[in-house]
Ligand SMILES: [Zn+2]
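In this note's numbering, the protein residues as written are 66 to 381.
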């Protein structure tokens, strides 16, 4: 995948430092985003953002990567089988399932709308209303249950939902910088919560239901300025697998920039997006296979990172 440079910033977009600068991959590599902001993050901030980003991606995408690798070549270092918790007529147990049969399952959190919009009080950690289950490849759920002799699959994921929300904030902020310019943002809401997990993020990140924005399947990010000069980022990861659209409230644009930049003014007046970005991931063109049915939502405070998200997925 070739990098696409979308801006050269020459200062850290998180702390303002002008030394020790590195390039910023706006959408992490693991999600196949080619977009790069050059000289846009100092090494200290880069360390902080990479840490939560890598943790989310490793846990969220491990089996997707394993599946993709196996799909591309048979000589893969990834395991051939996935350990999966199942319930059989005799009780619960963990069994190995061939990746070719299982495919890949990605669990994305379902958030409420950003608290800034709903007016509710912010909390540390984020609430999860449920999970979106995205599946690529594998055999259908009924066949899978018959072949491996189980009644119910129990899927578990362990990334922190607030880290996922911070990753979304980082993506929206990066594209806002690319399309609006950091000096044109008079206020940036997400800077602090991106860098510091002790600052609540649920005020700025959530679902996009309030504004009923749903991005096209190949669109990953859209930046919009509203009639109050507030910058909004809409993000759709894995749209080809019907992943949800998330909403990030990034900050506030300056009046001066609005008056001098037609794209900002058009957005301010008519909500025409300032910019729209697409991804093209050939693996995600693979057909998703239906057959899992999420049977229960969960709600979670993730202050304790050891807590797990457990939910059941029942074959139809
Ligand atoms: Zn920095």
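Ideal placement from N, C-alpha and C gives every residue a C-beta, glycine not left out.
Since this is a predicted model, take the numbers as computed values, not measurements.
{"Item": "Given 8 Å, three or more beta-carbon pairs between the stretch 241-252 and the stretch 154-171", "Value": "no"}
{"Item": "Close Cβ partners of residue 226 (< 6 Å) along its chain, the five nearest in sequence each way excluded", "Value": "174, 191, 193, 367"}
{"Item": "Residue 189, enclosing beta strand (DSSP E) - first and last residue", "Value": "Here residue 189 belongs to no beta strand (DSSP E), and DSSP marks it neither H nor E."}
{"Item": "Given 8 Å, three or more beta-carbon pairs between the stretch 325-342 and the stretch 284-291", "Value": "yes"}
{"Item": "Beta-carbon spacing of residue 247, residue 329 below 8 Å", "Value": "no"}
{"Item": "Ligand 1 heavy atom lying under 7 Å from the CB of residue 82", "Value": "yes"}
{"Item": "Proximity of residue 303 and residue 171 at Cβ, strictly below 8 Å", "Value": "yes"}
{"Item": "Distance, residue 111 Cα to residue 184 Cα", "Value": "32 Å"}
{"Item": "Proximity test, residue 115 beta-carbon vs ligand 1 heavy atom, cut-off 7 Å", "Value": "no"}
{"Item": "Segment limits, beta strand (DSSP E) that includes residue 316", "Value": "310-318"}
{"Item": "Cβ pair residue 147, residue 128 closer than 8 Å", "Value": "yes"}
{"Item": "First and last residue of the uninterrupted alpha helix (DSSP H) at residue 257", "Value": "256-260"}
{"Item": "Distance between beta carbons of residue 271 and residue 177, contact taken as under 8 Å", "Value": "6 Å"}
{"Item": "Assigned exposure category for residue 218 - 16 Cβ within 10 Å defines buried", "Value": "buried"}
{"Item": "Whole-Å CB distance - residue 224 paired with residue 324, under 8 Å assumed", "Value": "Contact doesn't hold; Cβ gap of about 42 Å is too wide."}
{"Item": "Spatial distance of residue 132 from residue 198 (CA atoms)", "Value": "16 Å"}
{"Item": "Check whether residue 220 and residue 313 have beta carbons under 8 Å apart", "Value": "no"}
{"Item": "Supposed contact pair residue 295 and residue 332 - C-beta distance, whole angstroms, cut 8 Å", "Value": "With a Cβ gap of about 11 Å, residue 332 and residue 295 do not count as contacting."}
{"Item": "Own chain residues within Cβ distance below 8 Å of residue 321, not counting five before or after", "Value": "249"}
{"Item": "Distance CB(residue 169)-CB(residue 200) smaller than 8 Å", "Value": "yes"}
{"Item": "The beta strand (DSSP E) enclosing residue 177, as first and last residue numbers", "Value": "Counting along the chain, residue 177 falls outside any beta strand (DSSP E), and DSSP gives it neither H nor E."}
{"Item": "Cutoff 7 Å; reference residue 308; Cβ partners in own chain excluding five residues on either side", "Value": "173, 197, 199, 301, 302"}
{"Item": "Reduced DSSP category for residue 77 - H, G, I as helix; E, B as strand; rest coil", "Value": "coil"}
{"Item": "Inter-residue Cα distance where the pair is residue 181 and residue 280", "Value": "21 Å"}
{"Item": "For residue 353, three-class secondary structure by DSSP", "Value": "With a pLDDT of only 48 at residue 353, under the threshold of 50, the placement of this residue in the model should not be trusted, and no figure is reported."}
{"Item": "Cβ neighbour criterion (16 or more within 10 Å) applied to residue 77", "Value": "buried"}
{"Item": "Proximal residues to residue 275 (C-beta, below 6 Å), its chain only, five neighbours per side dropped", "Value": "178, 182"}
{"Item": "Burial state of residue 327, where buried means 16 or more other Cβ atoms lie within 10 Å", "Value": "exposed"}
{"Item": "Inter-residue spacing [alpha-carbon to alpha-carbon] between residue 188 and residue 79", "Value": "22 Å"}
{"Item": "For residue 232, three-class secondary structure by DSSP", "Value": "helix"}
{"Item": "CB contact check: residue 266 to chain B, cutoff 8 Å", "Value": "You won't find chain B in this structure, because it holds only one protein chain."}
{"Item": "Residue 87 CB to nearest heavy atom of ligand 1 below 7 Å", "Value": "no"}
{"Item": "DSSP-derived helix/strand/coil call for residue 145", "Value": "coil"}
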